[in-house]
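Visitor: The following block contains the structure, expressed as structure tokens.
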Amino acid sequence: MNAPLKATLPDQNNPEQDGATVRDVIIVGTGFSGICLAIKLREAGVTDILMLEKADDFGGTWRDNTYPGCACDVQSHLYSYSFEGNPNWSKSYAGWSEIQDYILHCVKKYQLRPLARFGHSVAGAHFNEVSGLWHITTDKGESLVSRFFVMATGPLHVPAIPSIAGLNSFKGRVFHSARWEHDFNLTGKRVASIGTGGSAIQYVPEIAPQVSQLKVFQRTPAWVLPRHERAYTALEKNLFAKLPLLRKLHRLWIYCSNELRLLPIRQPLLARVAEAMGKRHINKQIADPKIASKMTPDYTIGCKRILISNKYYPAFNRDNVELVTEAIKKVTETGIETADGRLHEVDAIILGTGFVIDPRDYMKNVSITGKGGISLLEQWKDGPACYKGLTVENFPNFFQMTGPNSGLGHNSIIYMIESQVSYIVDGVTKLKKGNYKYLDVKPQVLQDFNDHVQVRMQNTVWTSGCVSWYQQKDGRNIAIWPGTTFAYRWQTRHLNLADYEVVVNDGADTAVVLDNKVAFS
Ligand code: NAP
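Residue numbers (our numbering): -18 to 502.
What follows is the structure in structure tokens.
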């Protein structure tokens, strides 16, 4: 185990920073990624960690999303850390509060609270090539220094507010699904809901019995498959607690069956089988064939994220729920006007319109500059790209967790997060052991990796012609890892120094680049 680096190094380029404490790692974000990283870094002996969080508690997605019916669409025994099993999950797909409780349990057990500083957003960060350190400023005007800088903010945390004409002029309540206004009582209200993605399909059936009228504005129907859900019995929970191996086998079973979903997703021909299941689900659950037809997607299943619900379609059999498929023209003071000239008068508009997905948009207010003063946004002007979804050339000792092309449509993101964490921990400990100044991914290595990812994307459902949040504006898929999760784990099992320019600490604050083809082969 290495002793934590706790030194006071002067910043050659910024005398004001003289004397600042140099931390080993600053982690931005305290959701599943940041928490996992902090736990595993500590286990590896890296204890000098600071976690910055813009909100007031740990939890990320599961702290922010509290809308009625909010639950994970990945089974709880898999949507949890492999090293911190929970025998007491109440049902196969836990709701948000049970997941948040699990997160807070981990925070307590691994004593992470002292590491976190809440109510602090990162305003900027720049890398000093001479000292090999990151200088980070927060919105509270604090200046911090660290050897490693990790953005663990996740890709789905900034609500996407649609640019619909007149939205600001609406006199009723407007809120986004991820900022649910629980003080607003929906009982007896006329409500419009825009969007039919993973969030909307969960809250629509929950609020439908409560409101007087619900108009669901659908731009593109989603493929929604049955949700095989059940509560765990007391006996099962007891057995999982007493026989951890049994719980682990259960987890393995879920993992393997989820992984098999990649077959129809990657192969448009096999997707036809899944589409037949989807159509059967629609026709079985929706009474009116006209509505069923409007809710049947015309694109290959899996191109957009596949959703699961047993409650969504039946909501449209209710007299007080209307599916509106006409395009939205504008919002007026009293409601939503559609392209056919109809005004849908409502008391509230709920935006189930998803999240800002492109890091160039959701990180646009954070100025991150790397070697030579290049900004991250400038470097990503043609599209965000990271080596293994994690590292960026010219941004040494910087990791972007759940970065470009490390998301999933078929299995648990926690598995990917744990893979990324082992890669980062390996990098941090190698740098410390070798007394290196910094590691910077080689441009060709990054280019080859991304070319390979995009080649793997060809002839998959993701490139079969739909428009999805997986893509940037030119159609390039910047979100999804196109392979198996175990292939990703294999590729991230350790950080290969040969993929990086390694600069050593020579004691004279000059950069010495090792010929690491020789040194680390
Ligand atoms: P989403 O999947 O991006 O869906 C956004 C919806 O809003 C889409 O139906 C979209 O239509 C519609 N929309 C956006 N702008 C619009 C506009 N200007 N006019 C009309 N409609 C508009 O967002 P989400 O439902 O919040 O889900 C986000 C991600 O979180 C998804 O991956 C989802 O599966 C995931 N999620 C996961 C869980 C979980 O259990 N793990 C739970 C909830 C959500 P188009 O399709 O036409 O663009």
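We treat Cβ as the ideally placed atom computed from N, Cα and C, and that holds for glycine. Computed from a predicted structure; not experimentally measured.
Serine 180: beta carbon under 7 Å from a heavy atom of the ligand NAP?
Guide: yes
Visitor: May I ask you to check if the CB of proline 143 is nearer than 7 Å to at least one heavy atom of the ligand NAP?
Guide: yes
Visitor: Here's a check: name, in chain order, each residue in its chain whose Cβ is nearer than 7 Å to the Cβ of tyrosine 469, leaving out the five neighbours to either side.
Guide: Met397, Ser400, Trp462
Visitor: Taking the alpha-carbon positions, what's the valine 409 to proline 385 distance?
Guide: 21 Å
Visitor: Where does the unbroken beta strand (DSSP E) through glutamate 318 begin, and where does it stop?
Guide: 316 to 319
Visitor: Compute the minimum distance between the beta carbon of glutamine 56 and the heavy atoms of the ligand NAP, and state whether it is under 7 Å.
Guide: no
Visitor: With hydrogens ignored, establish whether the beta-carbon of threonine 134 is closer than 7 Å to any heavy atom of the ligand NAP.
Guide: no
Visitor: With three or more C-beta pairs closer than 8 Å as the rule, is the region 154 to 162 touching the region 177 to 184?
Guide: yes
Visitor: Looking at the secondary structure, which residues open and close the alpha helix (DSSP H) in which asparagine 109 lies?
Guide: Segment 103 to 109 is the beta strand (DSSP E) holding asparagine 109; no alpha helix (DSSP H) there.
Visitor: Below 8 Å CB to CB, which residues in the same chain sit around glutamine 23 once its five sequence neighbours on both sides are set aside?
Guide: Checking the sequence, you will find arginine at residue 23 rather than glutamine. Hits under 8 Å: Ile30, Tyr91.
Visitor: Can you find a CB in chain C that lies within less than 8 Å of the CB of glutamate 187?
Guide: Note that chain C does not occur in the displayed structure, where there is just one protein chain.
Visitor: In terms of DSSP beta bridges, what is isoleucine 309 paired with?
Guide: According to DSSP, isoleucine 309 bridges with Thr319.
Visitor: Please state whether DSSP places phenylalanine 13 in a helix, a strand or coil.
Guide: The answer is helix: DSSP assigns phenylalanine 13 an H, G or I state.
Visitor: Rounded to the nearest angstrom, how far is the Cβ of leucine 59 from that of arginine 232, given a contact under 8 Å?
Guide: 6 Å
Visitor: In the DSSP assignment, the beta strand (DSSP E) including histidine 163 goes from what residue to what residue?
Guide: Element bounds for histidine 163: n/a, residue is neither H nor E.
Visitor: Using the Cα positions of threonine 506 and threonine 277, report the straight-line distance between them to the nearest angstrom.
Guide: Here the chain covers residues -18 to 502 and nothing more, so residue 506 does not appear.
Visitor: Where glutamine 56 and serine 393 are concerned, what is the direct C-alpha to C-alpha distance, given to the nearest angstrom?
Guide: 8 Å
Visitor: Please classify arginine 4 as buried or exposed, where buried requires at least 16 neighbouring CB atoms within 10 angstroms.
Guide: So arginine 4 ends up on the buried side.
Visitor: Fully enclosed by the region 216 to 275, which alpha helix (DSSP H) runs are 4 residues long or longer?
Guide: 225 to 240, 243 to 247, 249 to 266, 270 to 275
Visitor: Could you tell me whether any non-hydrogen atom of the ligand NAP is closer than 7 Å to the CB of isoleucine 317?
Guide: Judged by the Cβ position, isoleucine 317 fails to qualify as a neighbour of the ligand NAP at the 7 Å threshold, every heavy atom of the ligand being at least this far.
Visitor: Confirm the yes/no value for this check: CB of arginine 200, any heavy atom of the ligand NAP, distance under 7 Å.
Guide: yes
Visitor: Label aspartate 363 either buried or exposed according to how many other C-beta atoms from any shown protein chain fall within 10 Å of its C-beta, with 16 as the threshold for buried.
Guide: exposed
Visitor: Is DSSP giving aspartate 429 helix, strand or coil here?
Guide: helix
Visitor: For leucine 137, verify whether its CB is less than 7 Å away from any heavy atom of the ligand NAP.
Guide: yes
Visitor: Whole-angstrom Cβ separation of isoleucine 8 and alanine 104, contact assumed at under 8 Å?
Guide: Contact flag wrong, Cβ pair sits at about 16 Å.
Visitor: For glutamine 425, does the count of other Cβ atoms within 10 angstroms reach 16, so buried, or fall short, so exposed?
Guide: exposed
Visitor: Any heavy atom of the ligand NAP closer than 7 Å to the CB of glycine 333?
Guide: yes
Visitor: Does glutamate 123 pass the burial test, meaning 16 or more other C-beta atoms within 10 Å, or should it be called exposed?
Guide: exposed
Visitor: Using only the alpha-carbon positions, how far apart do leucine 244 and isoleucine 459 sit?
Guide: 20 Å
Visitor: Roughly how many angstroms lie between the CA atoms of glycine 50 and histidine 262, to the nearest whole one?
Guide: 20 Å
Visitor: State the Cα-Cα distance for the pair asparagine 554 and threonine 313, rounded to the nearest angstrom.
Guide: Only positions -18 to 502 of the chain appear in the structure, and residue 554 is not among them; the question remains open.
Visitor: Report back the beta-carbon spacing between lysine 588 and alanine 36 to the nearest angstrom; my notes put them in contact at under 8 Å.
Guide: Shown here, the chain extends from -18 to 502; a query on residue 588 therefore has no answer.
Visitor: Within the present structure, is the beta-carbon of cysteine 284 separated from the nearest heavy atom of the ligand NAP by less than 7 Å?
Guide: no
Visitor: Rounded to whole angstroms, what's the CA-CA distance from alanine 222 to aspartate 54? Just pull it up for me.
Guide: Spanning the two alpha carbons is a distance of roughly 24 Å.
Visitor: Tell me the rounded alpha-carbon separation between glycine 179 and glutamine 435.
Guide: 26 Å
Visitor: Please go through the region 143 to 214 and give each complete alpha helix (DSSP H) segment of 4 or more residues, from N-terminal end onward.
Guide: Here the runs fully enclosed are 181 to 188.
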